[in-house]
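Quick note on numbering: full-length UniProt numbering labels position 48 of the sequence shown as 48, and the sequence is numbered without any gaps.
We treat Cβ as the ideally placed atom computed from N, Cα and C, and that holds for glycine.
Below is one structure, written out as structure tokens; comments come after it.
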Amino acid sequence: MNERKPGFKTEVVIVASAFGADAIRRDGHSFWAAAAARAGANGFEVRRELFADDADAAPDALRQLGDAIRALGLWAVYSTPATLFAADGSLDLDALNLALDEAAALDARIVKLQLGGMQTGTATDAATLDRALTAILKSSAQVVVENGQLRAGGTIDAFASLFSALPEASRALTMTFDTGNWLWAGENPLDAAARLAPHVTYVHCKAVTGEGARRFAVAPAADDAHFAALLAALPANVPRGIEFPFDPAALEADAAAKVAWLSAA
């Protein structure tokens, strides 16, 4: 699926957490968005859970942050840890509407939620999906759900069932494919790519080290054949987000190198 024309470069987003959660909470997203711009990124992912204060999520604060990101020549992704589906599998319409409102204030191009739901999946009945799509279609941002690190909201079957139940022509709801999170949930990322690639409009990139609950996100090695195979199985014309940590001893130099590499990988 990853078919590139000569010279084509994929858009690259730097996820705020790649600079370190403590740094974002200390300095604010605007400070590190400037670092992302200097590194040559196309976009910057704002993480709601890294706001130092709830006041940072107020409409005026989000508008100011969005203005600052655009002034740097970047576009914004708005990421919230909220789930589209509640723990009982039902649609959490309040969480969806809040995420859409906050993304609108930021003027985000993409708004990302976790899928949520139960280990067995989410509600996929027509009435539930109609309510979700009615809200989503009011948004100017692309709405995506991400595979998380838990079985609830992190299985291939849950995403496949949801997308198969959506109207065939609908692209209002798509997914963020996190290359590493599948492992936490006990799923095979290559199997996930084979089944879900047509629904992917944003890729979160990372490799994983460790076992079981003691897993950590790391930068993929240049010779990581598994990661290369994943990128080859996913669309090349959708943005790729750097969610692995940069080298703390050379943050900006490493960020620039990783942006250049991932845009051409």
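Check: Rounded separation between GLU187 and ALA207 - CA only; Outcome: 14 Å
Check: ASP130, enclosing alpha helix (DSSP H) - first and last residue; Outcome: 126-136
Check: 9 Å Cβ cutoff met for HIS204 and THR174; Outcome: no
Check: Buried/exposed call for SER17, threshold 16 Cβ in 10 Å; Outcome: buried
Check: Three-pair Cβ contact test at 8 Å for the stretch 114-127 versus the stretch 62-75; Outcome: no
Check: Three-state class that DSSP yields for LEU72 in the structure shown; Outcome: coil
Check: Helix, strand or coil at ALA253 [DSSP, three-state]; Outcome: helix
Check: Status (buried if at least 16 other CB within 10 Å, exposed otherwise) for ASP92; Outcome: buried
Check: SER79 - DSSP class collapsed to helix/strand/coil; Outcome: strand
Check: Where GLN149 sits in the DSSP three-state scheme; Outcome: coil
Check: Alpha-carbon to alpha-carbon, ALA127 and ALA253; Outcome: 50 Å
Check: Pair within 9 Å by beta-carbon distance, LEU234 and ALA193; Outcome: yes
Check: Local conformation of GLY210 per DSSP, three classes; Outcome: strand
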